[in-house]
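Trainee: Quick mapping for you: the protein sequence lines, in order, are chains W and P. Sequential numbering of the first sequence, starting at 16, is according to the numbering used here. Sequential numbering of the second sequence, starting at 16, is according to the numbering used here.
Number of protein chains: 2
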Amino acid sequence: MAKAKITFTSGLQFVGEADSGHAVVMDGEEKSGGRNSGPRPMELLLLGLGGCTGMDVVSILRKKREPVIGLEVNVNGIMAEDYPHKYTQMEIEYVVKGKGVTEGGVKRAIELSMEKYCSVKATLEGAAKIGWSCRIVEE
Amino acid sequence: MAKAKITFTSGLQFVGEADSGHAVVMDGEEKSGGRNSGPRPMELLLLGLGGCTGMDVVSILRKKREPVIGLEVNVNGIMAEDYPHKYTQMEIEYVVKGKGVTEGGVKRAIELSMEKYCSVKATLEGAAKIGWSCRIVEE
Numbered sequence: 016m017a018k019a020k021i022t023f024t025s026g027l028q029f030v031g032e033a034d035s036g037h038a039v040v041m042d043g044e045e046k047s048g049g050r051n052s053g054p055r056p057m058e059l060l061l062l063g064l065g066g067c068t069g070m071d072v073v074s075i076l077r078k079k080r081e082p083v084i085g086l087e088v089n090v091n092g093i094m095a096e097d098y099p100h101k102y103t104q105m106e107i108e109y110v111v112k113g114k115g116v117t118e119g120g121v122k123r124a125i126e127l128s129m130e131k132y133c134s135v136k137a138t139l140e141g142a143a144k145i146g147w148s149c150r151i152v153e154e
Numbered sequence: 016m017a018k019a020k021i022t023f024t025s026g027l028q029f030v031g032e033a034d035s036g037h038a039v040v041m042d043g044e045e046k047s048g049g050r051n052s053g054p055r056p057m058e059l060l061l062l063g064l065g066g067c068t069g070m071d072v073v074s075i076l077r078k079k080r081e082p083v084i085g086l087e088v089n090v091n092g093i094m095a096e097d098y099p100h101k102y103t104q105m106e107i108e109y110v111v112k113g114k115g116v117t118e119g120g121v122k123r124a125i126e127l128s129m130e131k132y133c134s135v136k137a138t139l140e141g142a143a144k145i146g147w148s149c150r151i152v153e154e
C-alpha cells in the first residue's frame, strides 16, 4: 500500500510527503486565500502523468538503443466547467531529441507506455480521455 | 486549459512545471535506474488528493467559524497487482485539530469536499474507490 501524509501549515499551504520521503509544498492562488507558494493539487496530476510516461519512454528507448538525448513531455488538461471541475480530457505531446532516433521506435515506446506500463495514465483515464502526439527533433 | 511541461534531465529524473510556475522534481527509485532525487509520479496523485481536499476542508471550516488550528490528511492508495498498476482504492483519514471543533461541522465539510468541490477526488474516482474517515484531536 502507498501512503502519504499531507499536513496543513497556514493560509492554504500544505506540505505533502509520501513513501519516498520527498516533500512537496502545495498552495492555493492568492485570490482564493493562498500565497501561491507551491503548485496547485490539480497541477500535480498533470506533472505526475508527464513524469510517469516520460520515465517509461526514456527507459524503453534506451533498451532499444535509440540515441535519445532529450525528452520534453507537454501535457494539457481540460476540466469540466461545472463543479467539481474534474479533468475530462488530456493531451500529451512528446518531443524526443536525438540525431537518428527513429519515428517507429518512438511511437512504439509511447504505445507501450500508454497501453501497458503507465500507472498514472491508467488511473487518470478513468475520468479523462487521454490522447497523444509526438515529434522528433534532431539536434 | 491547464498546461504542464515535464522535462527529462538525466537518469530517470524529470522536472515538471505547470501554470503556477512552481517546479517539482520527480525521480525513480534506485533499483529502477533512478537516483531517488524526488517523489515518484504515482505519489503525486496521493499528495494532490490530500492537498485538494485539505484546502476545501480548511476553507469550509473557517467559513463556519469552527476553531480549527491544524489538519493532517493521511491518504493510503492500493494499486492493482497487474500492469499498469493503477490505483483501485484510496482511503483518506482526516485528523482535525482544535479545541471545540464540532464533529458535525467536520463531517459536513468533508462531505462537501468529497461530493461537490474536490477536483482531484472527482478525477481519481474514475479509477479508484475513495473512502474516508475522520477524527478530532483537542489540543
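Where a beta carbon is used, it is the ideal one built from N, C-alpha and C, also for glycine. Computed from a predicted structure; not experimentally measured.
With H, G and I counted as helix, E and B as strand and the rest as coil, what does DSSP make of valine 9 of chain P?
Mentor: For residue 9 of chain P there is no data in the structure shown, the boundaries of chain P being 16 and 154.
Trainee: 9 Å is my cut-off, CB to CB: does arginine 123 of chain W come that close to chain P?
Mentor: So, not an interface residue.
Trainee: Please compile the residues from chain P whose C-beta is within a distance smaller than 8 Å of the C-beta of cysteine 149 of chain W.
Mentor: Correct list: empty, because the minimum Cβ distance to chain P is about 14 Å.
Trainee: Between arginine 123 of chain W and glutamate 153 of chain P, what straight-line distance do the alpha-carbon atoms span, to the nearest angstrom?
Mentor: Each residue's Cα considered, the two are about 56 Å apart.
Trainee: Flag this pair as yes or no: are the beta carbons of leucine 76 of chain W and methionine 105 of chain W separated by less than 9 Å?
Mentor: No; because the gap between Cβ atoms is not below 9 Å, this pair is not in contact.
Trainee: Using DSSP's beta-bridge definition, name the partner residues of cysteine 149 of chain P.
Mentor: Beta-bridge pairing links cysteine 149 of chain P to P/Tyr109.
Trainee: Smallest Cα separation from glutamate 32 of chain P: which of P/Gly43, P/Glu45 and P/Ala17?
Mentor: When only C-alpha atoms are compared, the closest one is P/Ala17.
Trainee: Any idea what DSSP makes of valine 83 of chain P, helix, strand or coil?
Mentor: Coil, per DSSP.
Trainee: With burial defined as no fewer than 16 other Cβ atoms inside 10 Å of the residue's Cβ, what is the status of glutamate 118 of chain W: buried or exposed?
Mentor: Answer is exposed; the Cβ neighbour count stays below 16.
Trainee: Grouping DSSP H, G and I as helix and E and B as strand, with all else coil, what is glycine 141 of chain P?
Mentor: DSSP places glycine 141 of chain P in coil when its eight states are reduced to three.
Trainee: Identify the continuous alpha helix (DSSP H) that holds glycine 69 of chain P and give its terminal residues.
Mentor: Counting along the chain, the alpha helix (DSSP H) containing glycine 69 of chain P begins and ends at 56-78.
Trainee: Spell out whether any CB of chain W is found under 9 Å from the CB atom of glutamate 81 of chain P.
Mentor: With 9 Å as the cut-off, glutamate 81 of chain P does not count as an interface residue toward chain W.
Trainee: Return the residue from the list W/Lys136, W/Tyr98, W/Ile93 and W/Ile84 that minimises the CA-CA distance to glycine 26 of chain P.
Mentor: The residue with the shortest Cα to Cα distance from glycine 26 of chain P is W/Ile84.
Trainee: Distance check for isoleucine 125 of chain P and glycine 49 of chain W, CA to CA, integer angstroms please.
Mentor: Using only the alpha carbons, I get a separation of about 20 Å.
Trainee: Going along chain P, which residues have a C-beta under 7 Å from glycine 69 of chain W?
Mentor: Here the neighbours are Ile21, Phe23 and Phe29.
Trainee: Check the C-beta distance from valine 121 of chain W over to isoleucine 93 of chain W and give it rounded, since I have them as a contact under 8 Å.
Mentor: At roughly 25 Å, the Cβ-Cβ gap does not stay under 8 Å, so valine 121 of chain W and isoleucine 93 of chain W are not in contact.
Trainee: According to DSSP, is glutamate 130 of chain P helix, strand or coil?
Mentor: In this structure, glutamate 130 of chain P counts as helix in the three-state DSSP scheme.
Trainee: In terms of alpha-carbon separation, which member of W/Arg55, W/Thr68 and W/Asp42 lies closest to proline 56 of chain P?
Mentor: Here the closest residue by C-alpha is W/Thr68.
Trainee: Glutamate 32 of chain P by DSSP, collapsed to three states: which one?
Mentor: Correct three-state label for glutamate 32 of chain P: strand.
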